[in-house]
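Colleague: Structure in structure tokens, see below.
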Amino acid sequence: MLETRADVNWFYTHLGIDDTYFQSESVEVISDHIIALYGAKVLAYTKHDPSKLVIDLEKIDEDGNGATFIHTSSPGKTSTEGPGATCESRIDEMFLDDSTPQKAYRLETYRSQGSISATASQQLRCYFVTKCNFPANPPKSTRTDGKTDIRTVSDPIFLEKASENTLEIYQRVMWNVEQRFGPVIEVFEVEGSRERRLVIGYKMGGTKKFFSALSNLYHFYALYSAQTLSLGPVEQFSNGITIISLYLNPLPNANAPPIEHSIFQVMKEASLLYCLPDNPFFYAGAGPSGDHAVQEATYAYCGWVFAQHFCNRLGQAYLALKNTLDESNPTHASVLNDIKRRFREETFTRESIAQVIHAHADLTDEAAQLMPTLSYQRLRTQMPLTDAELYDKIRRTVPNKHELQVLESFLIFNKHVLKTNFYQPTKVALSFRLAPDFLPEVEYPKKPFGMFFVIGGEFRGFHIRFKDVARGGIRIVMSRNRENYSINQRMLFDENYGLASTQSLKNKDIPEGGAKGTILPSLGANPKLCFEKYVDAIIDLLIPGQTPGIKERLVDLYGKPELLFFGPDVLSLSPTEGTADLMDWAALHARARGADAWWKSFTTGKSADTLGGVPHDVYGMTSLSVRQYVLGIYKQLGLREKDITKVQTGGPGSDKTVAIIDGSGVLHDPAGLNREELVRLAKLRKPVAFFDTSKLSKDGYLVRVEDQDVKLPSGEVVLDGTDFRNGAHLRFKADLFVPCGGRPEAVNISNVAALVDADGKPHFKYIVEGANLFLTQQARLFLEKRKVILFKDSSANKGGVTSSSLEVLAGLGLSSEEYVDLMIFKDGKPSQFYQNYVRDIQQKITENAAAEFSCIWREHARLQGAKPRTIISDELSSKLNDLQEELENSDLFDATHSHASRRCRASRVLQFSGAIRACPRLVVGCLHGSYLRRIRHTQRLQLVLWRR
């Protein structure tokens, strides 16, 4: 009894546990914890080893109101085993990662002042999590400047404990967070001590696992958190802002830089943690000595992702096999395609690359010091090796060819980084501008002009362009499961390259070259947040930093200004959502970041009423071009639309449609789908899942992607709706097939035979490819060889690029006053100028599509079918693009500038006197080149093709 009383007294008086614990916990819980502590002491005593005294106490409220965690802890060290190893990561996962103003938590942590017993030196680390209780009627703000008053958005307990100094600091940080997209990181001295206070503010949901990752960071610099005040390190506010405050002290007698220096390194490396808090190369034990710093670990992660995409190259063996086989032979082509896929899947896996990095952590650390675009290096005393010295060391140290190739990819990465935001003080994702010279010609025959590589905690992405002035959409590639994610991950760069290449062929009618961006969110990630981080990280490399400590000037080996144009693509976050909101956000964010000259033209497809955009889906810009090809086929062959059966992917049709496949499911009726119901869905912009099934015949059906074990009228049972949807385009027959949505290579050389029956008759007579890369080139040629009349994507699906190009022209050519007056709606109604401009765009799309259709049709007839329409389309696009480039680089710009400017002003935008002057010179050059090219396009198109 006396010993128990002594333990109670010791627990209450000498451990230094904050009063918060005793106020928040019941007598029963406190009693249980004291008994558990006593039991732990007895267990350690029986082992005759006081260091084995391990305490692990926790109480998680079943109603979600909070939790208490208490465990033994040594200051300044990251626990790799025992209760402390997972405590903070569990707090992140359970209480902080998914915070919202409606469900937010405060976290208070304390380190006990005394040791846990007279014979053991460990201290207790205590964590108290409580749910925020924001008042329904907060106090009124006393501010008159319109800024947020922290007292109106705080939890009452925080206000009760916070000093005036803390309120002042948090208030200023909060205002900065509201004005920025990324984190706000500041350091304050604590008067009369070496202690430093690190304060980090950010918007809820901006990052995950951040609090637990921070402790690894300051432990690396031999610092420890001494949170002894009655104020938590994590406070959350009802305006959606999180603020972390850590009191850091140097570990006594540690062999480390003084805190007066290292604290600024901690501050800067915290921005890397914000981007990649869950980094497998950062956590203790990652390297042979477990001492990966944040900088080296982040670099290792970026190199890991780079190697995943660019180590799996095909090499000379594949090239030799390709030269031996006949790719026009479907069997040979299928074999090559399978070998290519297996090379990509099996040669260098994510796991095998990670193993190499872990095994040679010292070499990757040294490689990190050689990236020439880092603004400064981590604190170190030794001189880094040169490129040649490091390569020689790698070659001598790593005898395994597989491992050597992985490590060589890090040197390739370093060599081709032209600029990066890696050490920008504040950022939300890591971005790299790469010189694309390292891409092998055998796989990428056309070298891109520029390439961006973006890595975030929840995603990875690329942007590729084939000319300096280029445009194209941003595609968000969603994955339905882990297997699908792995496939998307392996193919992401190739998909991006293929889309950008196709865009180049499409853009023959406009001044800009082809470009494309891709974003691959991790499973469960918010695609909208991924898009926003992707955009912000790329803007970091487009706008020179001017603000020390926030956005500083980068090391720029490219040395020239760059301008990108983003547009909508397969961006819908669900089958029922549009794209304008994302385009709006990117344009407004560019303006907020200081892109005064080009924010209006940065994105296209913006909301019409508020930002003067021309949304593709609202005005049917993409379908206009596709429709001209369908009508062209009808006209040339004397067909009546009402007699033609059609299968379509990507959305509701309007002809005698027998099947529609989109993101929501498969709709089929051999008797023809009800036209009135399709028109209703089209007007509401709804997918087929909303089709009224009472309008189907007895043989019709609707299978949604979420359906399972569905019995079709034929008696066939569909086990999984998603799998059924993914292969549905191969099962139907009709006169016309119009794919307007779907993943790249949905029809490829390995499955295209499924579109031909046993007698050699194709399922479709006519195909108009309205979806980018829906068919591979080999599949197109396979079908054309079997007499299918096929028009490929780069010819049929170009209405969107024309619309976007003219929307960009309005943004660049009109002054801000003109743009607001003419392009933005007033009282919800468009100006007459806007209505006329949209009609002009639609007319131009129709004219261009009809002209190209006629050209391809006549050329195919002239050659009596000897050359496939697919090849004619490619040759036409390439020749016109070559002509555009030739004109841009010639002296015709100066010689024809005045005449071309007058003729270009036939556009409604360019009628304004300052429009040409407002456009960047590079853009004006493209406009003039496009105009001169169009003259030759009109007068000599057939001659160009005949000469080829």
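Anchor point for the sequence shown: position 100 equals 100 in UniProt numbering, and the numbering is continuous, going up by one each time.
All C-beta atoms in this analysis are idealised placements derived from N, C-alpha and C, irrespective of residue type, glycine included.
1) Out of 868, 58, 440 and 704, point me to the one whose CA is closest to residue 780's CA.
2) Which residue wins for smallest C-alpha separation from residue 39, given the options 56, 27, 673 and 884?
3) Going by CA-CA distance only, name the one from 385, 359, 350 and 351 that's closest to residue 366.
4) How long is the line joining the alpha carbons of residue 23 and residue 184, rounded to whole angstroms?
5) With distances taken Cα to Cα, identify the nearest neighbour of residue 628 among 175, 851, 337 and 98.
6) Buried or exposed: which applies to residue 861, given that a residue is buried once 16 or more other Cβ atoms fall within 10 Å of its Cβ?
7) For residue 163, does the count of other Cβ atoms within 10 angstroms reach 16, so buried, or fall short, so exposed?
8) Can you give the beta carbon distance from residue 729 to residue 746, rounded, assuming they're within the 8 Å contact cut?
9) Below 8 Å, how does it come out for the segment 800-818 and the segment 601-613: are there three or more Cβ pairs, yes or no?
10) DSSP puts residue 451 in a beta bridge; with which residues?
11) Kindly list the residues whose CB is nearer than 7 Å to the CB of residue 593, restricted to its own chain and excluding five residues on each side of it in sequence; keep chain order.
12) So, under 8 Å CB-CB, residue 357 and residue 300 are touching, yes? Tell me the CB distance rounded to an integer number of Å.
13) Less than 8 Å between the C-beta atoms of residue 275 and residue 427, yes or no?
14) Output the distance between the C-alpha atoms of residue 188 and residue 196, rounded to the nearest integer angstrom.
15) If we ignore side chains and look at the alpha-carbon of each, how far apart do residue 567 and residue 643 end up?
16) Let me know the secondary structure DSSP gives residue 791 once reduced to three states.
17) Got a sec? Which residues, its chain only, sit under 7 Å from residue 155 by beta carbon, not counting five neighbours each side?
18) Please classify residue 266: is it buried, with 16 or more other beta-carbons within 10 angstroms of its beta-carbon, or exposed?
19) Decide if residue 361 is buried, meaning its Cβ has at least 16 other Cβ atoms within 10 Å, or exposed.
20) Would you call the segment 453-472 and the segment 486-501 in contact, with 3 or more CB pairs under 8 Å?
21) Straight-line CA distance for residue 734 to residue 236?
22) Looking only at its own chain, which residues have a Cβ that is under 8 Å from the Cβ of residue 821, when we skip the five neighbours before and after it?
23) May I ask you to report which of helix, strand or coil DSSP gives residue 528?
24) Determine, using beta carbons only, whether residue 620 and residue 741 come nearer to each other than 8 Å.
25) Rounded to whole angstroms, what is the Cα-Cα separation between residue 31 and residue 13?
26) Does residue 748 come out as helix, strand or coil in the three-state DSSP assignment?
27) Does residue 143 come out as helix, strand or coil in the three-state DSSP assignment?
28) Under 8 Å, do residue 624 and residue 799 count as touching if we go by C-beta distance?
29) Expressed to the nearest angstrom, what Euclidean distance is found between the alpha-carbon atoms of residue 882 and residue 888?
30) In the DSSP assignment, find the beta strand (DSSP E) that holds residue 249 and state where it starts and stops.
31) Is residue 443 near the ligand ADP, judged by its Cβ being under 7 Å from some heavy atom?
32) Exposed or buried, what is residue 307 when buried is set at 16 or more other beta-carbons lying within 10 Å of its beta-carbon?
33) Is residue 716 buried or exposed, if buried means 16 or more other CB atoms sit within 10 Å of its CB?
34) Quick one: any contact between the segment 318-333 and the segment 767-784, if contact means 3 or more CB pairs under 8 Å?
35) Since residue 403 is in the alpha helix (DSSP H), which residue starts that stretch and which ends it?
36) Is the segment 407-415 touching the segment 252-266 in the sense that three or more CB pairs, one from each, lie closer than 8 Å?
Modeller: Looking at the atomic coordinates:
1) Here the question's residue 780 lines up with position 780 in the sequence shown. Of the listed residues, the one whose Cα sits closest to residue 780 is 868.
2) Residue mapping note: residue 39 aligns to position 39 of the sequence shown, counting from 1. Of the listed residues, the one whose Cα sits closest to residue 39 is 56.
3) Locating residue 366 in the sequence shown gives position 366, counting from the first residue. Comparing Cα positions, the closest option is 385.
4) Start at 1 with the first residue of the sequence shown, and residue 23 comes out as number 23. Start at 1 with the first residue of the sequence shown, and residue 184 comes out as number 184. Separation of residue 23 and residue 184 (C-alpha to C-alpha, rounded to the nearest whole angstrom) is 33 Å.
5) Reading the sequence shown from its first residue, position 628 is the one you call residue 628. With distances taken between Cα atoms, residue 628 lies closest to 851.
6) Counting from 1 along the sequence shown, the entry for residue 861 is found at position 861. A residue is called buried once 16 or more other Cβ atoms fall within 10 Å of its Cβ, and residue 861, having fewer, is exposed.
7) Here residue 163 corresponds to residue number 163 of the sequence shown, with the count starting at 1. Counting Cβ neighbours within 10 Å, residue 163 comes out exposed, since fewer than 16 surround it.
8) Start at 1 with the first residue of the sequence shown, and residue 729 comes out as number 729. Start at 1 with the first residue of the sequence shown, and residue 746 comes out as number 746. Confirmed, Cβ separation roughly 6 Å.
9) yes
10) The sequence position of residue 451 within the sequence shown is 451, counting from 1. Residue 451 pairs with 434 and 464.
11) Residue numbering aside, residue 593 sits at position 593 when the sequence shown is read from its first letter. The answer, listed in chain order, is 539 and 543.
12) Numbered from 1 along the sequence shown, position 357 holds the residue referred to as residue 357. Numbered from 1 along the sequence shown, position 300 holds the residue referred to as residue 300. That belief holds up - the Cβ atoms of residue 357 and residue 300 are roughly 5 Å apart, short of 8 Å.
13) One-based indexing of the sequence shown puts residue 275 at position 275. One-based indexing of the sequence shown puts residue 427 at position 427. Contact: yes.
14) In the sequence shown, counting from the first residue as 1, residue 188 sits at position 188. In the sequence shown, counting from the first residue as 1, residue 196 sits at position 196. Each residue's alpha carbon lies about 6 Å from the other.
15) Translated into positions along the sequence shown, residue 567 becomes position 567. Translated into positions along the sequence shown, residue 643 becomes position 643. If I take the Cα positions, the gap works out to 37 Å.
16) Along the sequence shown, read from residue 1 onward, the residue named residue 791 stands at position 791. Looking at residue 791 - three-state DSSP - the assignment turns out to be strand.
17) On the sequence shown, residue 155 is found 155 positions in, with the first residue counted as 1. The answer, listed in chain order, is 106, 132, 133 and 134.
18) For the purposes of this step, residue 266 is taken as the residue at position 266 of the sequence shown. So residue 266 counts as buried.
19) Position 361 of the sequence shown, counted from the first residue, corresponds to residue 361. So residue 361 ends up on the buried side.
20) yes
21) Residue 734 sits at position 734 when you count from the first residue of the sequence shown. Residue 236 sits at position 236 when you count from the first residue of the sequence shown. The straight-line gap from Cα to Cα measures roughly 59 Å.
22) Residue numbering aside, residue 821 sits at position 821 when the sequence shown is read from its first letter. Within the same chain, residue 821 has close Cβ partners 831.
23) What you label residue 528 is simply residue 528 of the sequence shown in a count that begins at 1. Residue 528: helix per DSSP, three-state reduction.
24) Walking along the sequence shown from the start, residue 620 turns up at place 620. Walking along the sequence shown from the start, residue 741 turns up at place 741. Contact flag unset, no.
25) By 1-based counting over the sequence shown, the position of residue 31 is 31. By 1-based counting over the sequence shown, the position of residue 13 is 13. So the alpha carbons of these two residues sit roughly 15 Å apart.
26) In the sequence shown, residue 748 corresponds to position 748, counting from 1. When secondary structure is reduced to three states using DSSP, residue 748 falls in the coil class, being assigned neither helix nor strand.
27) What you label residue 143 is simply residue 143 of the sequence shown in a count that begins at 1. Looking at residue 143 - three-state DSSP - the assignment turns out to be coil, as it is neither helix nor strand.
28) Sequence index remark: in the sequence shown, residue 624 carries index 624 (1-based). Sequence index remark: in the sequence shown, residue 799 carries index 799 (1-based). Yes. Within cutoff.
29) Position 882 of the sequence shown, counting from 1, holds the residue named residue 882. Position 888 of the sequence shown, counting from 1, holds the residue named residue 888. Across the structure, residue 882 and residue 888 are spaced so that their CA atoms are roughly 10 Å apart.
30) Locating residue 249 in the sequence shown gives position 249, where the first residue counts as 1. That run of the beta strand (DSSP E) goes 241-250.
31) This structure lacks the ligand ADP; in fact it carries no ligand of any kind.
32) Within the sequence shown, residue 307 is the residue found at index 307, counting from 1. Flag for residue 307 reads buried.
33) Here residue 716 refers to the residue found at position 716 when the sequence shown is read from its first residue. So residue 716 counts as exposed.
34) yes
35) In the sequence shown, counting from the first residue as 1, residue 403 sits at position 403. Start and end: 401-416.
36) no
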